[in-house]
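A short write-up of the structure that comes next.
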Amino acid sequence: MKLKLNWDALGIATSVACAIHCALLPLLLSTLPLFGVNIIHNSFFEWGMIAMAFMVGSFSLIHGFVKHHRSLQPVSIFSIGFLFLVLKQFYAPLEYFFLFIAVSLIITAHFYNYRLCHRSKCASALHKH
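Taking the numbering used here, the leading residue of the sequence shown gets 12, the next gets one more, and so forth.
Printed below as a string of structure tokens:
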């Protein structure tokens, strides 16, 4: 039995996880520094989440482009979203504004890529008969 992973769903999940970490964690876990635990604004953790989003997103979108639809639109949307994700690391006063834009665009790119891949599978299945 071959397990097939939906990379767009994983990309959406990692984007949502990043948004939850950045937006809700400070509210819910503001007492952790009292116990010597610092995952809020931890650079290693932040850059790790960004790297994971980049790797999953890049793999998913490149796979969709090469194997299914040849559309650069999802890649372009993802790239702009990813730029905002990196910018939030350097402009703290606009962190949540940039995060909202980044997550919205990255999720949109994955959703659009998924739709294009699904359409191409349906179209290619119809032409095989």
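Think of the CB as a built atom: it goes at the ideal place given N, C-alpha and C, for glycine as much as any other residue.
All figures in this text were calculated on a predicted structure; none of them were measured in a lab.
Practice item. State yes or no: is the C-beta of Trp18 within less than 7 Å of the C-beta of Phe70? Key: yes
Check your understanding: Leaving out five residues before and five after Phe109 in sequence, what residues of the same chain have Cβ atoms less than 8 Å from its Cβ?
Key -> Phe95, Leu96, Leu98, Lys99 and Tyr102
Check your understanding: How far does the alpha helix (DSSP H) with Leu207 in it reach, from first residue to last?
Key -> No statement about residue 207 is possible, as the shown extent of the chain runs from 12 to 140 and does not include it.
Exercise for review: Return the CA-CA distance between Leu83 and His129, expressed in angstroms with no decimal places.
Suggested key: 16 Å
Check your understanding: Can the beta-carbon of Val67 be found closer than 7 Å to that of Leu21?
Key -> yes
Check your understanding: Relative to the alpha-carbon of Asn53, which residue among Gly75, Phe65 and Cys29 has its alpha-carbon at the smallest distance?
Key -> Cys29
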